[in-house]
Structure formats: C-alpha cells, structure tokens
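Heads up, the thing below is written out as structure tokens.
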DNA sequence: TTCATTATTAACATATTTGTTAAATAATGG
DNA sequence: CCATTATTTAACAAATATGTTAATAATGAA
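Protein chains in written order, with UniProt numbering: chain A, 1 to 106; chain B, 1 to 106.
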C-alpha cells in the first residue's frame with residue numbers, strides 16, 4: 001500500500017470521501033465551496049485537496065484567483081480496484097476459514 | 001466507521017492482515033508463533049492481538065501459560081461486508097462520474 | 001496603487017498509532 | 001518455593017495525521 005493510498009484509506013476518510021463525493025455530485029467546484037460541506041477550515045480543506053491531488057483523485061484548474069477542482073475518473077478507478085482487491089482478500093479468507101472448519105468438523 | 005474498524009483499516013494493516021492470514025492458513029496458533037511471521041517483538045504482537053480480539057476478528061483460548069488464537073468467521077464476515085460496502089461506494093462514484101462526463105460531452 | 005477575495009503555506013498544537021525495552025503476571029516443573 | 005517459559009502490561013519514544021490561526025501569494029476591481 002503506497003503512503004498515499006494508506007493516507008487516503010486512513011483516518012480522515014469521511015472528510016476526503018465527502019470532498020470527492022461533492023465533486024462527483026456537483027461537478028467542478030472551487031476550493032472555497034468545499035469547506036462548508038466538510039465543516040472544517042479553509043486551510044484544512046486545502047491540505048486535503050493537496051493529498052487528493054497527489055493521490056491522483058482530483059485535478060485542479062486555475063480560474064483567476066480561484067482553483068477549480070474536479071474528480072478524476074482514473075483515480076476513482078484506482079481506488080475501486082484497490083478496494084476490490086481488499087474485498088477479494090477478505091472474501092477469500094472467509095472461504096478458506098469456513099472450508100477449514102468444515103474439514104475439522106468432518 | 002467504528003474506532004475498531006478504523007483501527008483495523010489503518011496503518012498496520014499489513015501486520016494485522018499477516019496475523020489473521022497465518023491464523024487462517026495454519027489454524028490455531030499460540031501468540032508466540034505469530035511474532036516471527038510479523039517481524040516485530042512479542043509485546044507488539046500482543047497488542048495487535050488485543051486489537052484484533054476487541055474487534056472480534058480472533059478468539060483466544062488458554063492452554064497452560066500459552067494463549068492460543070484462532071480466526072473468527074463472524075469477524076471475517078464483518079470485514080468482508082465492510083470492504084464490500086466501501087467498494088460499492090467507489091464503484092458507484094466511478095459510474096456516476098462517467099455518466100456525468102458522458103452527459104457533458106453530449 | 002490599494003483593497004478585497006480566494007487559496008495556499010507556515011508555524012504550532014494535539015491525538016493517534018505503533019514500536020521498543022523493562023517489569024509484572026501466570027502456569028509448570030523441579 | 002524457585003526457576004523457566006509464555007504472554008501481557010507499563011513506560012517511553014517517534015512518526016503520522018489533522019486541525020487551528022497567522023502570514024503569504026495571486027487576481028481583479030475601484
């Protein structure tokens with residue numbers, strides 16, 4: 001797991017998922033419009049956006065003093081695949097364990 | 001996300017996944033046998049096991065001075081379901097975004 | 001130019017996670 | 001009862017994550 005994926009997966013998931021969710025639902029938005037939805041300060045949002053940018057999950061575009069952000073499909077696909085692999089691991093674990101228990105019982 | 005799920009999902013995933021994986025693959029194991037596989041000290045393993053126990057992912061059984069650990073199917077199912085819901089979110093995000101982009105292009 | 005708006009960076013504080021070593025606890029065998 | 005083994009807890013250190021306020025760009029308008 002890369003530091004960025006780990007970072008994305010970790011504590012502030014809710015804030016960052018909310019940011020991405022807003023960008024998906026409402027399309028391109030300036031940084032300032034994302035703060036209210038996340039209930040944290042501008043600088044905090046700005047740093048989340050930086051992480052999301054570096055992780056390839058959002059893109060930034062300048063419009064005067066504003067910075068317009070959008071969700072990035074390639075990034076979302078990467079996350080979906082990562083969660084897929086993780087789900088696969090746990091599903092597999094469960095299957096293997098249940099098989100082992102059945103053998104034990106037999 | 002509960003603190004325990006968050007804790008489980010967070011940084012030490014690899015260590016804790018390795019522990020659970022060993023318990024699934026090799027069946028019931030004493031705490032001491034899990035340390036080598038994880039490349040950390042006994043006390044560190046012990047604390048991971050405590051987290052896993054509290055999260056309901058493993059069970060503990062006394063055998064003399066040893067503590068035998070096993071993977072717990074209900075816990076694995078819970079994790080599998082949690083990753084499933086997460087995967088669902090990201091898959092859905094991707095679908096929605098791609099649909100939005102198609103509309104834009106049209 | 002000067003001011004207002006928008007966003008980012010700097011400096012700092014705090015909580016959480018995770019590891020280590022040393023001490024404590026529990027069980028077993030002389 | 002004492003020594004040994006297995007494990008956990010205590011005390012401490014370090015890294016990471018995340019938030020805040022204040023300072024610093026960058027832009028556009030008066």
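The beta carbon of each residue, even a glycine, is placed where N, CA and C say it ideally should be. Just so it is clear, the structure is predicted and the values come from calculations on it, not from any experiment.
Collapsed DSSP secondary structure at residue 71 (chain A) in the structure displayed: What you label residue 71 (chain A) is simply residue 71 of the first chain in a count that begins at 1. In this structure, residue 71 (chain A) counts as strand in the three-state DSSP scheme.
Residue 62 (chain A) - containing beta strand (DSSP E), residue span: Start at 1 with the first residue of the first chain, and residue 62 (chain A) comes out as number 62. 58-63 is the extent of the beta strand (DSSP E) around residue 62 (chain A).
Cβ contact (3+ pairs, closer than 8 Å) linking the segment 47-54 of chain B and the segment 82-90 of chain B: no
Rounded straight-line distance, which links the Cα of residue 80 (chain B) to that of residue 35 (chain B): Taking the first residue of the second chain as position 1, residue 35 (chain B) is located at position 35. Taking the first residue of the second chain as position 1, residue 80 (chain B) is located at position 80. Spanning the two alpha carbons is a distance of roughly 25 Å.
Residue-level contact to chain B via CB, residue 19 (chain A), 7 Å cutoff: Against the first chain, residue 19 (chain A) aligns to sequence position 19. Not one chain B Cβ lies under 7 Å of residue 19 (chain A).
Boundaries of the alpha helix (DSSP H) in which residue 24 (chain A) is found, first to last residue: Here residue 24 (chain A) is taken as the residue at index 24 of the first chain, counted from 1. Start and end: 13-26.
Euclidean distance between Cα positions of residue 91 (chain A) and residue 66 (chain A): One-based indexing of the first chain puts residue 91 (chain A) at position 91. One-based indexing of the first chain puts residue 66 (chain A) at position 66. Each residue's alpha carbon lies about 44 Å from the other.
Residue 16 (chain A) to residue 29 (chain A) span [Cα, whole Å]: Walking along the first chain from the start, residue 16 (chain A) turns up at place 16. Walking along the first chain from the start, residue 29 (chain A) turns up at place 29. Straight-line Cα distance between these residues: approximately 15 Å.
Euclidean distance between Cα positions of residue 71 (chain A) and residue 62 (chain B): As a first step, residue 71 (chain A) is located in the first chain; it is residue number 71 there, counting from the start. As a first step, residue 62 (chain B) is located in the second chain; it is residue number 62 there, counting from the start. Their Cα atoms are separated by approximately 51 Å.
Boundaries of the alpha helix (DSSP H) in which residue 44 (chain A) is found, first to last residue: Sequence index remark: in the first chain, residue 44 (chain A) carries index 44 (1-based). Taken as a continuous stretch (DSSP letters only), the alpha helix (DSSP H) holding residue 44 (chain A) covers 42-54.
Nearest-angstrom Cα separation, counted from residue 47 (chain B) out to residue 102 (chain A): One-based indexing of the first chain puts residue 102 (chain A) at position 102. One-based indexing of the second chain puts residue 47 (chain B) at position 47. Cα-Cα distance, rounded: 30 Å.
Alpha-carbon spacing of residue 23 (chain A) relative to residue 60 (chain A), whole angstroms: Position 23 of the first chain, counted from the first residue, corresponds to residue 23 (chain A). Position 60 of the first chain, counted from the first residue, corresponds to residue 60 (chain A). Distance between the alpha carbons of residue 23 (chain A) and residue 60 (chain A): 12 Å.
CB contact below 7 Å: residue 79 (chain A) versus chain B: Within the first chain, the letter at position 79 stands for residue 79 (chain A). Taking Cβ atoms only, chain B reaches closer than 7 Å to residue 79 (chain A), which makes this a yes.
Beta carbon of residue 57 (chain A) nearer than 7 Å to that of residue 32 (chain A): As a working mapping, residue 57 (chain A) is identified with position 57 in the first chain. As a working mapping, residue 32 (chain A) is identified with position 32 in the first chain. No, the Cβ-Cβ distance between residue 57 (chain A) and residue 32 (chain A) is not below 7 Å.
Below-7 Å beta-carbon distance, residue 24 (chain A) vs any chain B residue: Against the first chain, residue 24 (chain A) aligns to sequence position 24. It does: the Cβ of residue 24 (chain A) has a partner Cβ on chain B nearer than 7 Å.
Alpha-carbon spacing of residue 97 (chain B) relative to residue 18 (chain A), whole angstroms: The sequence position of residue 97 (chain B) within the second chain is 97, counting from 1. The sequence position of residue 18 (chain A) within the first chain is 18, counting from 1. Approximately 15 Å between the Cα atoms of the pair.
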